[in-house]
Amino acid sequence: MIVALAGGVGGAKLAQGLSLALPPDDLTVIGNTADDMIHFGLRISPDLDTVLYTLAGMANPTTGWGIAGDTTRTLDLLKRLGAEDWFLIGDLDFAIHIRRSALLAAGQSLTAATAALTRGLGVRAAILPMCDEPVATVVETPDGPLSFQDYFVRRRHQDPVTAIRFAGIEAATVPDGVAAALASAEVIILCPSNPLVSLGPILAVPGFRDRLTAAPGPRVAVSPIIGGRALKGPADRMLAGLGHDVSPLGVARLYRDFLDGLVLDEEDAALAAEIEALGLRTLVTRTIMGEADDRRRLAVETLGFARSLTLVARAGR
Ligand code: FO1
């Protein structure tokens, strides 16, 4: 089993690359649920949906989230009825939120509901929520605490972030399916998502890091930071604001207690030696992903790199 940890748009692209490079049943994607919210009375799981739509080949290619070609007639009428319209939900996108909310209301877990949606869209890879309990990222700012979507979408992630916390994380547990996937993981890939608010919540589920470290396969991360910047979203400003190095070296330091290898972009090749001084192996390649064939290429290179670490580890014993 190949296990990928993914957040939103950037992570989902590599997850799709992996789904194109592997037999479909060999891939399990563990997704972030701390961006989730209740909106219009519906349960919305943005990062799970971004992975699902991207693997289904139906994600909006411009934004990376939502469904390609979707329309907003429902949202337009909701606005006329006095509802908020700052969070853009398309007509087709509503179907996913309605179906997920109905399954949860019928007593299904988020894991079961996500499996039903994944099956419904014909995606063969498993998409597993990081936990079934509610967890919500709270972003502390000079204007006070903000829920994640308020910070990210409504206020366009312009607020300086002074702290991040995951409300409810103490009560979260590692679902059986996630534990089983990690226990049988030949390779674990941390996709290029925001290390603080996309992969951070997954790693913060009590017991997750222990299982990640105990997993058989090597653990490899693909840096979401290239040339001091995030390709999309506020990861660079967040890392800087919280005192981390905005570079693959800074990412390596965040994951160093369990990481075996780091994939970094050619633009940051000069940092490879410092990263290896942390005890990690490195692969320097082009990590900017264009369309599907580029995503597949990076996935193939990352898998090859990870498997080479397995051989090194065995040789070292
Ligand atoms: N991101 C935005 O910047 N603006 C939106 O209006 C928006 C709507 C939206 C609807 C459904 C969905 O699954 C994701 C959506 N996103 C939107 C993206 C989302 O806020 C982020 O992808 C994650 O929360 C962070 O990765």
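Residue numbering for the sequence shown follows my numbering, starting at 1254 and increasing by one per position. For every residue, glycine included, the Cβ atom is placed at its ideal position computed from N, Cα and C. Bear in mind the structure is a predicted one, so any value in this text is a computation, not a measurement.
With at least 16 other beta carbons inside 10 angstroms of its own, Ala1265 counts as buried. In this structure, Leu1301 sits near Gly1284, with a CB-CB distance shorter than 9 Å. Within the chosen limit of 8 Å, the ligand FO1 does not reach the beta carbon of Phe1461 with any heavy atom. The nearest non-hydrogen atom of the ligand FO1 is 8 Å or more from the C-beta of Ser1400. If you ignore the 5 residues before and after Pro1448, its C-beta comes within less than 6 Å of the C-beta of Val1504, Leu1507, all in its own chain and listed in chain order. Short note on Phe1419: C-beta not closer than 8 Å to any heavy atom of the ligand FO1. Inside the segment 1463-1497, DSSP marks whole alpha helix (DSSP H) runs of 4 or more residues at positions 1488-1494, from first to last along the chain. For Phe1511, the Cβ stays outside the 8 Å cut-off from all heavy atoms of the ligand FO1. Note on Ile1349: 16 or more other CB atoms within 10 angstroms of its CB, so buried under the neighbour-count rule. Linking Gly1261 to Val1565 through their CA atoms gives a straight-line distance of about 32 Å. Ala1336 carries a coil assignment under DSSP once its states are collapsed to helix, strand and coil.
In the same chain as Ala1493, and ignoring 5 residues on each side of it, the C-beta atoms closer than 6 Å to its own belong to Val1499, in chain order. The alpha-carbon separation between Ile1455 and Glu1544 amounts to approximately 27 Å.
Closest in C-alpha terms to Leu1536, from the list Thr1555, Leu1443, Leu1271, comes Thr1555.
The three-state reading of DSSP puts Phe1293 in coil, since its state is none of H, G, I, E or B. Here Glu1393 is bridged, per DSSP, to Pro1398, Ala1416. In terms of Cβ geometry, Ala1309 and Val1450 do not form a close pair [threshold 9 Å]. Per the C-alpha coordinates, the member of Glu1386, Leu1512, Pro1299 positioned closest to Gly1319 is Pro1299. Contact check for Leu1381 and Pro1428: beta-carbon distance about 7 Å, within the 8 Å limit, so the pair qualifies.
Of all C-beta pairs linking the segment 1330-1338 to the segment 1355-1375, fewer than three are shorter than 8 Å, placing the two stretches out of contact. Shortest gap from the CB of Ser1437 to any heavy atom of the ligand FO1: 8 Å or more. Remark: the C-beta of Asp1403 is outside contact range of the ligand FO1, defined as less than 8 Å to any heavy atom. In the three-state reduction of the DSSP assignment, Ala1457 falls in the helix class, which pools H, G and I.
Going by C-alpha positions, Ile1291 is about 32 Å away from Gly1496. When Cβ pairs closer than 8 Å are counted between the two stretches, the segment 1385-1392 is seen to touch the segment 1410-1428, the count reaching three or more.
Of the heavy atoms belonging to the ligand FO1, at least one sits nearer than 8 Å to the Cβ of Ser1451. Remark: the shortest separation between the CB of Pro1299 and any heavy atom of the ligand FO1 falls under 8 Å.
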